[in-house]
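There are 2 protein chains.
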Amino acid sequence: EIVYQLSRHFSKKLIFKHKKILITAGPTQEPIDPVRFISNHSSGKMGFAIAEAFAMAGAEVTLVSGPVSIASPKGVKVEKVQSAQQMFEATSKYFSNSDIVVLSAAVADYTPLHVADKKIKKKEDVFTIEMTKTTDIAATLGKQKKNGQIIVGFALETDNEFENAKGKLERKNFDFVVLNSLQDSGAGFRYDTNKIKIIDRAGNIYDFDLKTKTEVAQDILNTIITFLA
Amino acid sequence: EIVYQLSRHFSKKLIFKHKKILITAGPTQEPIDPVRFISNHSSGKMGFAIAEAFAMAGAEVTLVSGPVSIASPKGVKVEKVQSAQQMFEATSKYFSNSDIVVLSAAVADYTPLHVADKKIKKKEDVFTIEMTKTTDIAATLGKQKKNGQIIVGFALETDNEFENAKGKLERKNFDFVVLNSLQDSGAGFRYDTNKIKIIDRAGNIYDFDLKTKTEVAQDILNTIITFLA
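Right, here's the structure in full:
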């Protein structure tokens, strides 16, 4: 058993040695004015765990992260960003030179059309925030994908999860998609555990148990190994 | 000098012994749907430092805090809330029984009128979030203020700071207001330092140097002592 674990460890080391991995993690913050913003509940824990797993397996890892309050994993180059636009720019910079791309960040789909340069005063009884679409990072990178590049996407769905996740897989040219469900207790945002399903382009669905995010990261890494063969 | 510090420490202990202090801290999160929300850059550090200073001075401290990632101060009863409405309810519960109230939380002024129960899908090119006013916690408590109660408010202004802060002081029936400016470097959100001005109802303005938030908390506590006399 120990020998098996060791050999598995060393073979992974060999597989990811000299591989360049790009990982996105965390939420983005879309400014409304100098103090207010729109964001989401992503903690960044899942993406940071994936970055750490790849670094331990010998890869050169770049992690583009939104605002999170967790420490950077050892041996990982971390680039911090705030908005969806900044995450798009940072991710684009590293994409063409990356062998494997794991898009686990929860990037804002919409951002305020106008950003006030002063704090908005509380006067009107109601006010509306007009929102415009952000650049779809995954779709943009998916179109630029070269032979041999692997792109892994994430989907978080609260309804019609399989249809929505499969649609994402096709539209964004992912090799596989990791599906998080908010329906599973102990899974998703804020928790240290997660419960995922992996869906590939052949239509296979792999259903994993509730595990720590470190173990889930290992499952994702192992799935990527099968795509390298 | 040591004797002076010690005596100051002990006299503070006596002054705040059996005093009930209510402190609010941190941002609020106003949900848009199960994953998205509107928030602000408050870290909660200033309010937590004030809670700690009062606890060390012998007071019974209740801290109502929005979502923050800092540890609870020793000897302080912490009640965590998410939205402005939840913060209003928790604060109302403790108010009538409190001797001193320090409202340092950055409570949302507006909250989405409709909260989607499922994650909003990215379909339309633009969409608008309709916002409605939240309950003004400070103004509501200010109206209920009894003889002998002290209420300290906070103001964060990006323009016309004195006029806005003085207006707040009157409208909300504060005994004094702590003015944070985003114009001072090293002050305000995210930093461990802060630079404040204190404005009282007599129109006095006390301008403090840039200090650690622990030292600023002490300045606020010392100012409150002068109101107890």
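Residue numbers (our numbering), protein chains in the order written: chain W, 47 to 275; chain E, 47 to 275. Backbone N, C-alpha and C define an ideal beta-carbon position, used for all residues, glycine too.
Among the options, nearest to residue i - alpha-carbon criterion
| i | options | result |
| --- | --- | --- |
| Val153 of chain E | E:Ala117, E:Arg247, E:Ile69 and E:Tyr252 | E:Ile69 |
| Ala130 of chain E | E:Pro119, E:Met102 and E:Lys179 | E:Lys179 |
| Thr108 of chain E | E:Ser142, E:Ser89 and E:Ser88 | E:Ser142 |
| Asp163 of chain E | W:Thr204, W:Thr157 and W:Gly194 | W:Thr204 |
| Glu261 of chain W | W:Ile84, W:Val81 and W:Ala95 | W:Ala95 |
| Ile166 of chain W | W:Pro80, W:Ser144 and W:Ala71 | W:Pro80 |
| Ala263 of chain E | E:Asp155, E:Asn210, E:Tyr140 and E:Lys243 | E:Lys243 |
| Asp221 of chain W | W:Ile245, W:Phe208 and W:Ser227 | W:Ile245 |
| Val110 of chain E | E:Ala201, E:Val148, E:Met102 and E:Ala99 | E:Val148 |
| Pro119 of chain E | E:Arg247, E:Phe62 and E:Ala71 | E:Ala71 |
| Arg82 of chain W | W:Phe100, W:Thr157, W:Asn219 and W:Lys66 | W:Thr157 |
| Asn226 of chain E | E:Asp253, E:Lys189, E:Gln195 and E:Glu98 | E:Asp253 |
| Asn193 of chain W | W:Val127, W:Asn219, W:Ser88 and W:His64 | W:Asn219 |
| Phe200 of chain W | W:Val122, W:Ser88 and W:Gln128 | W:Ser88 |
| Val172 of chain E | W:Asp171, W:Val172 and W:Thr181 | W:Thr181 |
| Asp145 of chain E | E:Lys191, E:Asn250 and E:Thr258 | E:Lys191 |
| Asp155 of chain E | E:Leu60, E:Thr269, E:Asn240 and E:Met133 | E:Met133 |
| Ile251 of chain E | E:Asp238, E:Phe100 and E:Val223 | E:Val223 |
| Gly121 of chain E | E:Ile183, E:Met102 and E:Val198 | E:Met102 |
| Gly104 of chain W | W:Asp265, W:Ser85, W:Ile67 and W:Arg217 | W:Ile67 |
| Leu267 of chain W | W:Phe100, W:Lys139, W:Ile183 and W:Lys257 | W:Phe100 |
| Phe62 of chain E | E:Pro77, E:Lys126 and E:Ile196 | E:Ile196 |
| Ala151 of chain E | E:Phe208, E:Lys259, E:Lys212 and E:Asn86 | E:Asn86 |
| Pro113 of chain W | W:Ile78, W:Pro73, W:Glu209 and W:Asn210 | W:Pro73 |
| Thr258 of chain E | E:Ile78, E:Gly93, E:Glu207 and E:Lys65 | E:Gly93 |
| Arg217 of chain W | W:Ile183, W:Lys126 and W:Val161 | W:Ile183 |
Exposure label - residue i; buried when at least 16 CB within 10 Å
| i | result |
| --- | --- |
| Ala185 of chain W | exposed |
| Gln75 of chain W | buried |
| Thr272 of chain W | exposed |
| Glu106 of chain W | buried |
| Leu159 of chain E | exposed |
| Leu274 of chain W | exposed |
| Ser276 of chain W | Beyond the ends of chain W as shown, which are 47 and 275, falls residue 276 of chain W; an answer cannot be given. |
| Lys169 of chain E | exposed |
| Asp255 of chain W | exposed |
| Lys91 of chain E | buried |
| Lys189 of chain W | exposed |
| Ala248 of chain W | exposed |
| Glu98 of chain W | buried |
| Lys280 of chain E | Look at the range of chain E in this structure, 47 to 275, and you will see that residue 280 of chain E is not part of it. |
| Thr174 of chain W | exposed |
| Leu202 of chain W | buried |
| Leu187 of chain E | buried |
| Ala136 of chain E | buried |
| Lys139 of chain E | exposed |
| Lys123 of chain E | exposed |
| Ala211 of chain W | buried |
| Asn240 of chain W | buried |
Any non-hydrogen atom of the ligand MN closer than 8 Å to residue i Cβ
| i | result |
| --- | --- |
| Pro77 of chain E | Ligands in the displayed structure: none, and consequently the ligand MN is not present. |
Residues bridged to residue i (per DSSP)
| i | result |
| --- | --- |
| Gly112 of chain E | Gly112 of chain E pairs with nothing; no bridge assigned. |
| Arg82 of chain E | W:Asn86 |
| Asp253 of chain W | W:Lys243 |
| Val147 of chain E | E:Leu68 and E:Ile197 |
| Pro73 of chain W | W:Ala152 |
| Pro158 of chain E | E:Met177 |
| Glu106 of chain W | W:Lys66 |
| Thr258 of chain E | E:Thr239 |
| Asp125 of chain W | A quick correction: the sequence has Glu, not Asp, at residue 125 of chain W. Bridge partners of Glu125 of chain W: W:Val110. |
Practice task
Scan the segment 191-211 of chain E for residues whose Cβ lies nearer than 9 Å to a Cβ of chain W and list them as they occur along the chain.
Solution key: Leu202, Glu203, Thr204, Asp205 and Asn210
Practice task
Could you name each continuous beta strand (DSSP E) segment of 3 residues or more that falls completely within the segment 163-230 of chain W, going from the start of the chain to the end?
Solution key: Taken in chain order, the complete beta strand (DSSP E) segments of 3 or more residues contained in the segment 163-230 of chain W are 172-179, 196-203 and 222-227.
Practice task
Mind checking the segment 122-148 of chain E against chain W and listing, in chain order, the residues whose C-beta falls within less than 8 Å of any C-beta there?
Solution key: Hits within the stretch: zero.
Problem - Interfacial residues, the segment 165-177 of chain W to chain E, with Cβ spacing under 7 Å - result: For the segment 165-177 of chain W, which is checked against every Cβ of chain E, the residues closer than 7 Å are Lys165, Lys168, Asp171, Val172, Phe173, Thr174, Ile175, Glu176 and Met177.
Practice task
Name, going along the chain, the residues of the segment 77-104 of chain E whose beta-carbon falls closer than 9 Å to a beta-carbon of chain W.
Solution key: Ile78, Asp79, Pro80, Val81, Arg82, Phe83, Ile84, Ser85, Asn86, His87 and Ser88
Handout entry: Short-range partners of chain W found in the segment 106-117 of chain E, where Cβ spacing is below 8 Å
Key = Ser115
Handout entry: Contact set between the segment 250-272 of chain W and chain E, restricted to residues whose Cβ is under 7 Å from the partner
Key = Here the close residues number zero.
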